[in-house]
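Before any comments, here is the structure.
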Amino acid sequence: MATRKFHPLRMLALAVGALMFLFPFYYMLVGSLQDEPDSTPAGALPDPGNLTLGNYADIDERLDLGTTLLNSGIFTGGVLLCTVVFGVLAGYALARLHFRGRALLFNLMLLVQVIPFQLLTIPLYVLIVRTYGLADTHLGMILPFAINSAAVFVFRQYFLQLPKELFEAAQVDGASELAILWRIALPLVKPALLTAVLLTFIGPWNEFLWPFLITKEADMQPLAVALANYMSNVAARASNPYGALLAGACVLAAPVIVLFVVFQRRFVATNLGSSVKG
Amino acid sequence: MTRTRRGRRAALLGRQPIGIAFVTPYAVFLAAVFAYPLGIAVYMSFHDWFFAAPGAVVDRPFVGLDNYAAVFTDPALLRSFLNIAVFLVINVPLTVGLALVLASALNAAIPFRTFFRVSFYVPYVTASVAVVGVWLFLFNSDGLVNTVLGDLAPDPSWLVNSALAMPVVAIYVTWKQLGFFILLYLAALQNVPKELYESAAVDGASRVRSFWTVTVPGVRPATTLVVLLATITGANLFTEPYLLTNGGGPNGASASPVFLMYQRGIEQGEAGLAAAIGMVLVIGVLAISLVNRYLLERD
Numbered sequence: 108m109a110t111r112k113f114h115p116l117r118m119l120a121l122a123v124g125a126l127m128f129l130f131p132f133y134y135m136l137v138g139s140l141q142d143e144p145d146s147t148p149a150g151a152l153p154d155p156g157n158l159t160l161g162n163y164a165d166i167d168e169r170l171d172l173g174t175t176l177l178n179s180g181i182f183t184g185g186v187l188l189c190t191v192v193f194g195v196l197a198g199y200a201l202a203r204l205h206f207r208g209r210a211l212l213f214n215l216m217l218l219v220q221v222i223p224f225q226l227l228t229i230p231l232y233v234l235i236v237r238t239y240g241l242a243d244t245h246l247g248m249i250l251p252f253a254i255n256s257a258a259v260f261v262f263r264q265y266f267l268q269l270p271k272e273l274f275e276a277a278q279v280d281g282a283s284e285l286a287i288l289w290r291i292a293l294p295l296v297k298p299a300l301l302t303a304v305l306l307t308f309i310g311p312w313n314e315f316l317w318p319f320l321i322t323k324e325a326d327m328q329p330l331a332v333a334l335a336n337y338m339s340n341v342a343a344r345a346s347n348p349y350g351a352l353l354a355g356a357c358v359l360a361a362p363v364i365v366l367f368v369v370f371q372r373r374f375v376a377t378n379l380g381s382s383v384k385g
Numbered sequence: 260m261t262r263t264r265r266g267r268r269a270a271l272l273g274r275q276p277i278g279i280a281f282v283t284p285y286a287v288f289l290a291a292v293f294a295y296p297l298g299i300a301v302y303m304s305f306h307d308w309f310f311a312a313p314g315a316v317v318d319r320p321f322v323g324l325d326n327y328a329a330v331f332t333d334p335a336l337l338r339s340f341l342n343i344a345v346f347l348v349i350n351v352p353l354t355v356g357l358a359l360v361l362a363s364a365l366n367a368a369i370p371f372r373t374f375f376r377v378s379f380y381v382p383y384v385t386a387s388v389a390v391v392g393v394w395l396f397l398f399n400s401d402g403l404v405n406t407v408l409g410d411l412a413p414d415p416s417w418l419v420n421s422a423l424a425m426p427v428v429a430i431y432v433t434w435k436q437l438g439f440f441i442l443l444y445l446a447a448l449q450n451v452p453k454e455l456y457e458s459a460a461v462d463g464a465s466r467v468r469s470f471w472t473v474t475v476p477g478v479r480p481a482t483t484l485v486v487l488l489a490t491i492t493g494a495n496l497f498t499e500p501y502l503l504t505n506g507g508g509p510n511g512a513s514a515s516p517v518f519l520m521y522q523r524g525i526e527q528g529e530a531g532l533a534a535a536i537g538m539v540l541v542i543g544v545l546a547i548s549l550v551n552r553y554l555l556e557r558d
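Chains as they are written, first to last, in the working numbering: chain A, 108 to 385; chain B, 260 to 558.
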């Protein structure tokens, strides 16, 4: 690595950037702890006389954080489980096995990633809510997201990078493909698997439109939906609308931010290649 | 005998037919939540499709291109397409400029590199619903932004001002997604040969000049990708106009096509029209990605 030279201009650009990105998060936390909302510049600094955890109690009372967090967890967990199980199988087959229809499926996988899911919202709503009657169910929430195509693509890339000889030797020994995948390929791509899981986690945890459309009962709503409903309906009438709203926002944002900071090394595109090869 | 049978089987199913079993769940998934709904969308968009009581037999007549004609004549929808154009005009240059500058600044051995990378990426991984809450707090009429601006604060305030609502949405989305594009450019910068910088330095080019002559052309594929992804984001915009500007307000000045799709299709029950909006967007996105691929493969 080159010597760490100090470039004032470079550092200034980065520092201004970091401030722009982090300030709203800092302000979210400060605002969630304010007893009286204070939007003067001085209010951006925590004032010991104006601090309270009451906003968190307030939002919990209105949204039932336990239930909504559980719904978010089930939604996210279901997507992760399906993506890991079926996505790994599909990714492995697309990378390593020769079978009829492989090219077709591969192209379909790429196409799906270009066409955003939102644009199929109306027919999916008709299908899942009207035809299958899955409104206000976890299954209905999970179904359209069940296997993340981006993750399938990433799994395929990982398996492609493993040396061919490894598989040929195992095939000569007569091991079944499932055994090769489970005992040889998977352990080698474990670090990369974690990255794919982290990336898949973010999608359903943050997703708003779909669960918003299909959950009308408050006790089936994930936190993002419940908080958004609070924002657009109730907030205007609460005594400290922003305090409670920002408290909810902190609860929604915290798990992803913590995961991201802890595993931040895994989120770098260039690391993906080396962690597999290494 | 076995050999020919195996040969025939291989010709039919491929050398490792077990692969078909491996991909079946994924293939079924794609058929069920992608291909089939796409088919339904096409069907709905050509019919006067509305919601009826479950089990009721209703007549949903074929109406040809009426729904599509409505998409292109409805003033609210035309406005939403214009809004997306405004969004792109602000979002694309800002994203390309800021992401490229910050990625180049980050692409060196500098102190606190991890800290910077994490802080740039945090908005991207955080739920839009959560971050919109803070932006509402910052940009409402007595919010921090207006108190700092004092007399310079716009009137009507940002989110209720028809000239400023869409630009605020565009800036919000740029801010939220910039971290992703910084990483994209950071990866692209690794592919720019170091020799080019060295020979530019030998020729006496300044840092700024080598940025324009080496870096900018070197990351062109990534820049083309930014345009594609920004268009997809624009075509997808829903949460921000719904929450930040309280339903695409004021007077539809920040409404997006997906927001109107939701309003017309689910709230007002004109599902045929909504399906046509979705189809128009799908075709638009596909066309742009084909142009994108053509531009990339040309060199």
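Idealized CB from N, CA, C, for every residue including glycine. Please read these numbers as outputs of a predicted model, since none were measured by experiment.
| query | result |
| --- | --- |
| Among all the DSSP beta bridges, which residues are the ones paired with B:H306? | B:F321 |
| Given this structure, state the Cα-to-Cα distance separating A:D167 from B:N551, to the nearest angstrom. | 47 Å |
| At the level of alpha carbons, what is the spacing between A:T307 and A:F182? | 12 Å |
| Can you find the residues in the same chain that come closer than 7 Å, C-beta to C-beta, to B:H306, ignoring five residues on each side of it along the sequence? | R319, P320, F321, V322, G531 |
| Just confirm the distance between the C-beta atoms of A:F262 and A:A325, as a whole number of angstroms; I'd bet it's less than 8 Å. | Not really, about 37 Å apart at Cβ, beyond 8 Å. |
| Quick check on A:G385: buried or exposed, where buried means 16 or more other Cβ atoms within 10 Å of its Cβ? | With a pLDDT of 25 at A:G385, under the threshold of 50, the modelled position of that residue is not reliable, and no figure is offered here. |
| Quick one: list the residues of chain B neighbouring A:L267, beta-carbon separation under 9 Å, in chain order. | What A:L267 touches in chain B: nothing, since even the nearest Cβ is about 14 Å away. |
| Helix, strand or coil for A:K384? Go by DSSP, reduced to three states. | With a pLDDT of 29 at A:K384, under the threshold of 50, the modelled position of this residue cannot be trusted; read the value that follows with caution. Residue state, collapsed to three classes: helix. |
| Work out the CA separation of B:P296 and B:E556 for me, nearest whole Å. | 31 Å |
| Could you name the residues that DSSP lists as bridge partners for A:L158? | A:Q141 |
| What residue does the alpha helix (DSSP H) around A:H245 start on, and which one ends it? | 245-249 |
| Determine the burial state of B:S304: buried for a count of at least 16 other Cβ atoms within 10 Å of its Cβ, exposed for fewer. | buried |
| Short check: CB of B:N450 to CB of B:G477, under 9 Å? | yes |
| Answer yes or no: do A:W312 and B:A386 have a C-beta to C-beta separation smaller than 9 Å? | yes |
| Figure out for me which residue from A:L267, A:I287, A:Q268, A:G208 has the closest Cα to the Cα of A:A276. | A:I287 |
| Is it true that the CB of A:S146 sits closer than 9 Å to the CB of B:G402? | yes |
| Are the Cβ atoms of B:N405 and B:F398 separated by less than 9 Å? | yes |
| What are the start and end residues of the alpha helix (DSSP H) that includes A:G355? | 348-369 |
| Pick helix, strand or coil for B:G524, following the three-state DSSP scheme. | helix |
| Check whether the Cβ atoms of A:V221 and B:S515 lie closer than 9 Å to each other. | no |
| Taking the alpha-carbon positions, what's the A:V219 to A:S256 distance? | 7 Å |
| Can you tell me which of B:Q527, B:F518, B:G528 puts its alpha carbon nearest to the alpha carbon of B:D343? | Just to set this straight, residue 343 of chain B is Ile in the shown sequence, not Asp. Ranking B:Q527, B:F518, B:G528 by Cα distance to B:I343 puts B:F518 first. |
| Return no unless some Cβ of chain B is closer than 9 Å to the Cβ of A:T244. | no |
| Return the chain-ordered ranges of every alpha helix (DSSP H) run that is complete within the stretch 375-427 of chain B and spans a minimum of 4 residues. | 387-398, 403-408 |
| Of all Cβ atoms in chain B, is any one closer than 9 Å to the Cβ of A:V304? | no |
| Going by beta-carbon coordinates alone, are A:A151 and A:Y163 separated by less than 9 Å? | no |
| My guess is that A:I291 and A:L273 are in contact by the Cβ rule of under 8 Å, so how many angstroms apart are they, rounded? | 6 Å |
| I'd like to know whether the C-beta of B:L411 is nearer than 9 Å to at least one C-beta of chain A. | no |
| So that I know if they touch, is there some Cβ in chain B lying closer than 9 Å to that of A:V186? | no |
| Over what stretch of residues does the alpha helix (DSSP H) that includes B:G463 continue unbroken? | It is not in any alpha helix (DSSP H) - B:G463 carries neither H nor E in the DSSP assignment. |
| Confirm, please, whether the CB-CB distance from B:L448 to B:A362 is below 9 Å. | yes |
| Helix, strand or coil: which one does DSSP assign to A:T377? | Any answer about A:T377 is weak, because its pLDDT of 38 lies below 50 and its placement is not dependable; what the coordinates show is given next. A:T377: helix per DSSP, three-state reduction. |
| Which residues in chain A have a C-beta closer than 7 Å to the C-beta of B:N495? List them in chain order. | P223, Q225 |
| Which residues of chain B have a Cβ atom closer than 7 Å to the Cβ of A:V331, listed in chain order? | For clarity, residue 331 of chain A is Ala in the given sequence; the question names Val instead. Ordered by position in chain B, the residues that pass the 7 Å Cβ test against A:A331 are A386, V388. |
| Under the criterion of a Cβ to heavy atom distance below 8 Å, does B:L496 qualify as lining the ligand NAD? | This structure lacks the ligand NAD; in fact it carries no ligand of any kind. |
| If distances are taken between C-alpha atoms only, which option among A:A331, A:L136, A:F224, A:C189 comes closest to B:Y285? | A:C189 |
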